[in-house]
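> Protein chains in written order, with this note's numbering: chain A, 1 to 643; chain P, 644 to 1286.
2 protein chains.
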Amino acid sequence: MKTLSVTFLPDEKSVEIAPGKTVMEAATAAGVPINSICGGDGVCGKCRVIVRSGKVTAEPNEFLTRREIQRGVALACQTYPDGDVVIEVPMESRVGAVPRLAAEDAARFAPVSQWVGEGAPYAYEPLSRKDYLQLSPPTLDDNISDQERIYRELRRRRDIPIMQTGLSILRQIPTVLRAGKWRVTVTVGQRGGTAEVMQIEPGDSSSRNYGVAVDVGTTTVDAHLVDLVSSETVGAQAKYNSQISYGEDIISRIIYANTDEKLQTLRECVVNDINDLIAALTVETKTRLHDISYVMCSGNTTMTHLLLGLEVANIRREPYVPSATFAPVIRAAEVGIKINARGLLGVVPSVSSYVGGDLVADVLVSGINDSEEVSMLVDMGTNGEIVIGNKDWLACCSASAGPAFEGGGITCGMRATLGAIEHIAFGEGCRTTECGVIGGAKPLGLCGSGLLDLVAELHRVGCIDRTGRFVPEACGARLRRDAGLAEFVVVPGSDTALGRDVVITEADIGSFIRAKGAIYTAAEALLRHTGLDFSDVRHVYVAGAFGNYLNVGQAIRIGLLPDLPLARFQFIGNGSLQGAEMALLSRQAFDVMEKRIAPNMTHFELSVDPQFMNEYTGSLFLPHTNIEKFPSVARERPPIPVR
Amino acid sequence: MKTLSVTFLPDEKSVEIAPGKTVMEAATAAGVPINSICGGDGVCGKCRVIVRSGKVTAEPNEFLTRREIQRGVALACQTYPDGDVVIEVPMESRVGAVPRLAAEDAARFAPVSQWVGEGAPYAYEPLSRKDYLQLSPPTLDDNISDQERIYRELRRRRDIPIMQTGLSILRQIPTVLRAGKWRVTVTVGQRGGTAEVMQIEPGDSSSRNYGVAVDVGTTTVDAHLVDLVSSETVGAQAKYNSQISYGEDIISRIIYANTDEKLQTLRECVVNDINDLIAALTVETKTRLHDISYVMCSGNTTMTHLLLGLEVANIRREPYVPSATFAPVIRAAEVGIKINARGLLGVVPSVSSYVGGDLVADVLVSGINDSEEVSMLVDMGTNGEIVIGNKDWLACCSASAGPAFEGGGITCGMRATLGAIEHIAFGEGCRTTECGVIGGAKPLGLCGSGLLDLVAELHRVGCIDRTGRFVPEACGARLRRDAGLAEFVVVPGSDTALGRDVVITEADIGSFIRAKGAIYTAAEALLRHTGLDFSDVRHVYVAGAFGNYLNVGQAIRIGLLPDLPLARFQFIGNGSLQGAEMALLSRQAFDVMEKRIAPNMTHFELSVDPQFMNEYTGSLFLPHTNIEKFPSVARERPPIPVR
């Protein structure tokens, strides 16, 4: 059969494909990741590519203008090469660039040791530990078994009630003990209630013991290399979750994983990502894979299910049942993660289908569970999650915010990566615009924090009313109609990276308002369920990647966060990653998540709450239909009347 | 290359071999097991075969008389076929015939439930258990994870602190729960301190759950199939340990296993034996392998090491260090045992290199560890083991008795199988002889209990003096000289199965006296170490296959057992097998072995006891150099003077 050659720019990667395959399929085969939300159904319009040479046949679609089609722009999943072709993947459609967060996160989390160790809330007791044992050789008066000799010395050092050794290590012990002349290094890993002798080596290698903490995000996978001896974070790496090729959000991935084979494909995606990150960490820090003995992963319930290859179908179906919320500690190799051959993999426990280990880790890091005062935690992402509580009780709920905070479903939306507008301020009404762009180059589009700023500024200067509709007389020339649809030009094409205008439409603003309304209403509903109101909340912890770059003042102005004194707000950054890191360094921290936080978090299912929909409708205003809920915003200026 | 055909009778199995191979090698290739103690070095003389047709070349040896050689008798390991040959393997040289003990043992142990269950010393709590769960389907108000739903129901039924589920079962749970419409059967197995969900099946299969108890003896492997639901022993099978081909006793097997490959060969031997027994049990009882969820093995320390493939070399070298005395519970498949694919394998813990799990099981079965009174336990085999103690303390020692009790190293010795003389009584001096032969046929040789009877009778009628030397005037015509060596004809060739005289020599009697002396002296030494003497011992439990058919009166007369009232003696039969069976049915029984018996048994190493050798020398008389130790024997009749 004749094959067609497809070459991708700028990578210059080529692949031979059979006729009848799409450009998207060719890209997958070539290892060129292309953005996609819908998984190839042609309904998200995210997989734009440019045909640079050769002929193609494309299905008709609603996402491209005639001018774009003439310029060669096409949707990769809807386009079939008719012969050899050269395809450019523009930056906006690329997946896999390293998000800028890694380095900043590393700096922020380097002192994780402040949570663990002497004088800190959690005792230093890493989940895997290397002990250098100088054993007395056996004599006729002391001829206990080789295994018992090791156990006895370990138990002299600390209390280990249940110890186990697998058959393969047991078979090595006699030889290694004698080869090492009774001087050996033993690695002991914690598995549930059991301490497992995972490895025995001759001589002293006790100073080389590392763990990897991983935040398995739906969008980004973040990994830190932790020196389990010194408690230091010695390396940080991040990359996009390759599962994105099979669907941008959790639901589309669950839909994709409808056979065991596809489920395992998604497992392999994220396992490969983790292996890539670990490989990069070892290169960065000159560490051997052999010396990495433990991986601790944290993520939402779907992500941890996919990591372990567990059935996800029931997460999506009412009544939303996960396969397991407390996953067993297994050998990392069982899912394909490459560290020491006997190394272990733990997963931060989840609460329910939509309250994952990431939130449990957030709670640990925030310390809500240790305080007398009532605090609130808000983790904003595609799925918004709220926790309220103190040391005696914890309640949580989740609400679907949609992908708007991450740039999804927004005309010029994008993730917080190079070229994203993350900050906007208008001057002189809306006559001047100041943009902060990630990487400092020309802008490509709007990420979540830029979108939030934009909506807040549009509202502040009166360009939109409190329902989110444009006020033409305030917008002036920046408002225009394209094919009957009103759009506000944020940055003209002449000043952007791709020559296309960065715009925002009323539909975009509507998506954003629904997202912020869902978060606010969820927080309010959770307070109602616990008999409290916002004034009872002494601290608000904001978690999640979006949260890091959030302008709290603007978030209050548009009604995303409650109207509390700014001093009560605190960012905890990537709590998911940090919680995993604390668990690696402190068995006590892991136990607190497993035995105190996760099992005791009461989950309120908002979809069965009859009041929720009413309250939600009231929140679809800027800041809210009931302005009394936002007194500081009301004081700032009178509400702009709805047109 | 030309090959030679070797046919074995009575099996009529044939095999083609290359020239230069021995008859023994041909037999191994043909799957015809032939007895061997020395492993093929031509120094034990046990592998006698008869050349029925064809020519052979044989190395000269000291074991065969000229008449035997003329009759075609040859040693299989020293004989090379020169062409096609037909070889008969006489019964005495066969390995693999089912020992007669299996059926009797089954009858004896059928009521093992009397040790386990209500009103019995140990609570019924089998190491694996099947629960039929009728779960309520999840609702929005009760949408815990599938795994937690199972755990919750199990914990409603009983206290299970630590529960774990492996990844492969976790992956099945969601599908099986829904396929079974929330009616499922869950198998939970005990592994150390953890209860493992080993299996989940739709519907109710809770009535079909079996365990296999195995006594891994150096000579015989005995297995019982136990219904873990009803506590009944439903089947019994036994066969010789195939490792015998590589050496008859522990030491020669340890010497053989000097590379990992050879070690694993020995593991495969016994694993195949266990698999054969399990297969026979499933046929006998119409049970499916799938329904066997647990195997519990008990045996001496070397046997359990070989079963697990653990290094045995240091067991033999001073200071006699085993690899492990507390083996982990593993998946049976890890060593190759074929039951349910996820089924578990436990091993009764040992105390030291020469005090094995068989003795620990003996103690459990005897109940010494539960009594206020001081008791003694004697397990007689190639290695004799003694325990003394009560509920507060336990002391033990072991002494090498040599293979005499099992017929090894004795001119006409054989194991207690078909054709073995197990009982002898003389009449009118030694003029008449009454023999009890296993199977009732013509005798082939002497097993341990027959040998004991013979020595006792020879001594009683004055045919031997108290040093074991023949008294010719008492023996009369039955004593003759063959090649200058005196031998006493027990049964003339005309009355035996193979036409050869069954005889006993002074060397045989010497071997036996050394064996009985070692046991007695070990018991005496252990008492000395604990500050007691025989009069303090309220009960003597006799264990081991040899023990079952022992005449206690005769054993006292020759000085093997101490001179105590006969009422104090009690046989416990195959305590090793029975202890394994109790463990299968009662976690508490297993815990008692692991936490109370094995770790608390003080082991005295007799080889470093300076008094032992003196005392041993004194025991090399019938019954003892110090007749005051055997007052009832002294009362019976005055000692026969040493010549």
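Cβ coordinates follow ideal geometry from the N, Cα and C atoms, glycine included.
Helix, strand or coil, according to DSSP, for L820 (chain P) in the structure here?
In the second sequence, the residue the question calls residue 820 (chain P) occupies position 177. In the structure shown, L820 (chain P) sits in a helix (DSSP, three-state: H, G or I).
> Using a C-beta to C-beta distance shorter than 7 Å, which residues of chain P count as neighbours of T165 (chain A)?
Within the first sequence, residue 165 (chain A) is the residue found at index 165, counting from 1. By Cβ distance, chain P contributes P971.
> Only counting the same chain, and skipping five residues up and downstream in sequence, which positions put a Cβ closer than 6 Å to that of Q1213 (chain P)?
Here residue 1213 (chain P) corresponds to residue number 570 of the second sequence, with the count starting at 1. Hits under 6 Å: Y1184.
> Is I292 (chain A) near V214 (chain A), with beta carbons less than 7 Å apart?
As a position in the first sequence, residue 292 (chain A) is number 292, starting the count at 1. As a position in the first sequence, residue 214 (chain A) is number 214, starting the count at 1. No.
> Answer with yes or no whether the minimum CB distance from S145 (chain A) to chain P is below 7 Å.
Residue numbering aside, residue 145 (chain A) sits at position 145 when the first sequence is read from its first letter. It does; some Cβ of chain P falls within 7 Å.
> According to the neighbour-count rule (16 or more other Cβ atoms, all chains shown, within 10 Å of its Cβ), is A745 (chain P) buried or exposed?
In the second sequence, the residue the question calls residue 745 (chain P) occupies position 102. Annotation note: pLDDT 45 at A745 (chain P) (below 50); position unreliable, no value reported.
> Closest Cβ-Cβ distance between Y320 (chain A) and chain P: below 7 Å?
In the first sequence, counting from the first residue as 1, residue 320 (chain A) sits at position 320. Answer yes: the Cβ-Cβ gap between Y320 (chain A) and chain P drops below 7 Å somewhere.
> Does V1251 (chain P) come out as helix, strand or coil in the three-state DSSP assignment?
The residue you call residue 1251 (chain P) lines up with position 608 of the second sequence. Of the three classes helix, strand and coil, the one that applies to V1251 (chain P) here is helix, per DSSP.
> For S586 (chain A) versus Y122 (chain A), is the C-beta spacing smaller than 7 Å?
The residue given as residue 586 (chain A) occupies position 586 in the first sequence. The residue given as residue 122 (chain A) occupies position 122 in the first sequence. Yes, these two residues count as a Cβ contact at 7 Å.
> Distance check for D146 (chain A) and L177 (chain A), CA to CA, integer angstroms please.
On the first sequence, residue 177 (chain A) is found 177 positions in, with the first residue counted as 1. On the first sequence, residue 146 (chain A) is found 146 positions in, with the first residue counted as 1. If you take the alpha carbons of L177 (chain A) and D146 (chain A), they lie about 8 Å apart.
> According to the neighbour-count rule (16 or more other Cβ atoms, all chains shown, within 10 Å of its Cβ), is M946 (chain P) buried or exposed?
Locating residue 946 (chain P) in the second sequence gives position 303, counting from the first residue. Buried: at least 16 other Cβ atoms inside 10 Å.
> If we count the other Cβ atoms within 10 Å of its Cβ and call it buried at 16 or more, is Q1221 (chain P) buried or exposed?
Taking the first residue of the second sequence as 1, we reach residue 1221 (chain P) at position 578. Burial call: buried.
> Going along chain A in order, which residues have a C-beta closer than 8 Å to the C-beta of L953 (chain P)?
Numbered from its first residue, the second sequence carries residue 953 (chain P) at position 310. What L953 (chain P) touches in chain A: L170, R171, P174.
> Output yes if chain P places a C-beta closer than 7 Å to the C-beta of I250 (chain A); else output no.
Mapped onto the first sequence, residue 250 (chain A) falls at position 250. Chain P, which has no Cβ nearer than 7 Å to the Cβ of I250 (chain A), makes this no.
> Please list the residues of the region 1135–1161 of chain P that have a C-beta atom closer than 7 Å to any C-beta atom in chain A, keeping them in chain order.
Listed by position along the chain: nothing, the set is empty.
> If the cut is a Cβ gap below 7 Å, which residues of chain P does T304 (chain A) touch?
Looking up residue 304 (chain A) in the first sequence gives position 304. In chain order: nothing, as chain P lies at least about 11 Å away.
> Using only the alpha-carbon positions, how far apart do V741 (chain P) and R183 (chain A) sit?
The count along the second sequence starts at 1 and reaches residue 741 (chain P) at position 98. The count along the first sequence starts at 1 and reaches residue 183 (chain A) at position 183. Only weak support is given to the placement of V741 (chain P): the predicted model assigns it a pLDDT of 42, under 50, and the value that follows is read from those uncertain coordinates. About 48 Å.
> Between the Cα of D1005 (chain P) and those of P:E1016, P:S996, P:M1023, P:P769, spot the shortest distance and give me the residue it belongs to.
As a working note, residue 1005 (chain P) is residue 362 in the second sequence. For D1005 (chain P), the nearest C-alpha among the options comes from P:M1023.
> Indicate the three-state DSSP secondary structure (helix, strand or coil) for P1046 (chain P) in the structure shown.
Here residue 1046 (chain P) refers to the residue found at position 403 of the second sequence. Helix at P1046 (chain P).
> To which residues does DSSP link R691 (chain P) through a beta bridge?
Locating residue 691 (chain P) in the second sequence gives position 48, where the first residue counts as 1. Looking at the DSSP assignment, R691 (chain P) forms a beta bridge with P:L718.
> Any contact of the region 433–440 of chain A with the region 406–423 of chain A, i.e. 3+ C-beta pairs under 8 Å?
In short, these stretches touch, since the Cβ pair count reaches three.
> Pull the bridge partners of C1118 (chain P) from the DSSP assignment, please.
In the second sequence, counting from the first residue as 1, residue 1118 (chain P) sits at position 475. Bridge partners of C1118 (chain P): none, in fact.
> State whether the region 1141–1157 of chain P contacts the region 1048–1055 of chain P, with contact taken as three or more CB pairs (one from each stretch) at a distance under 8 Å.
yes
> From which residue to which residue does the alpha helix (DSSP H) around S1262 (chain P) run?
Residue mapping note: residue 1262 (chain P) aligns to position 619 of the second sequence, counting from 1. Counting along the chain, S1262 (chain P) falls outside any alpha helix (DSSP H), and DSSP gives it neither H nor E.
> Thinking C-beta only, is L652 (chain P) closer than 7 Å to E731 (chain P)?
The residue you call residue 731 (chain P) lines up with position 88 of the second sequence. The residue you call residue 652 (chain P) lines up with position 9 of the second sequence. Contact flag set, yes.
> What residues of chain A sit near T837 (chain P), judged by a beta carbon separation below 7 Å?
In the second sequence, residue 837 (chain P) corresponds to position 194, counting from 1. Here the neighbours are G192, G193, T194.
> Leaving out five residues on either side along the sequence, give the residues of the same chain with a beta carbon under 8 Å from the beta carbon of E1279 (chain P).
Position 636 of the second sequence, counting from 1, holds the residue named residue 1279 (chain P). Once the five neighbours on either side are set aside, the close Cβ partners of E1279 (chain P) are R1200.
> Using DSSP with H/G/I as helix, E/B as strand and the rest coil, what is T265 (chain A)?
Numbered from 1 along the first sequence, position 265 holds the residue referred to as residue 265 (chain A). T265 (chain A) falls in the helix class under three-state DSSP.
> Look up N1026 (chain P) in the DSSP assignment and say whether it is helix, strand or coil.
The count along the second sequence starts at 1 and reaches residue 1026 (chain P) at position 383. Note: N1026 (chain P) maps to strand in three-state DSSP.
> Look at the alpha carbon of D11 (chain A) and the alpha carbon of M376 (chain A), and state the distance between them as a whole number of angstroms.
As a position in the first sequence, residue 11 (chain A) is number 11, starting the count at 1. As a position in the first sequence, residue 376 (chain A) is number 376, starting the count at 1. One C-alpha to the other measures close to 46 Å.
> Taking Cβ positions, are A1042 (chain P) and A1165 (chain P) nearer each other than 7 Å?
Locating residue 1042 (chain P) in the second sequence gives position 399, counting from the first residue. Locating residue 1165 (chain P) in the second sequence gives position 522, counting from the first residue. In contact: A1042 (chain P) and A1165 (chain P) (Cβ atoms closer than 7 Å).
> Let me make sure I understand the geometry here. Which of A:P472, A:C435, A:D536 has the alpha-carbon closest to that of V491 (chain A)?
Counted from its first residue, the first sequence places residue 491 (chain A) at position 491. Comparing Cα positions, the closest option is A:C435.
> In the DSSP assignment, find the beta strand (DSSP E) that holds M163 (chain A) and state where it starts and stops.
In the first sequence, the residue the question calls residue 163 (chain A) occupies position 163. Run containing M163 (chain A): 163–165, per the beta strand (DSSP E) assignment.
> Please return the same chain residues whose Cβ sits closer than 6 Å to the Cβ of G1187 (chain P), not counting the five positions on each side in sequence.
Along the second sequence, one-based indexing puts residue 1187 (chain P) at 544. Result list for G1187 (chain P): D1022, M1023, G1024, in chain order.
> Using a Cβ cut-off of 7 Å, pull out every chain A residue sitting near T1076 (chain P), in sequence order please.
To locate residue 1076 (chain P), count along the second sequence from 1; it is residue 433. Simply none; closest approach about 47 Å.
> Nearest CA to the CA of A223 (chain A): which residue from A:A18, A:R208, A:Y240?
Locating residue 223 (chain A) in the first sequence gives position 223, counting from the first residue. When each option's Cα is compared against that of A223 (chain A), the closest is A:Y240.
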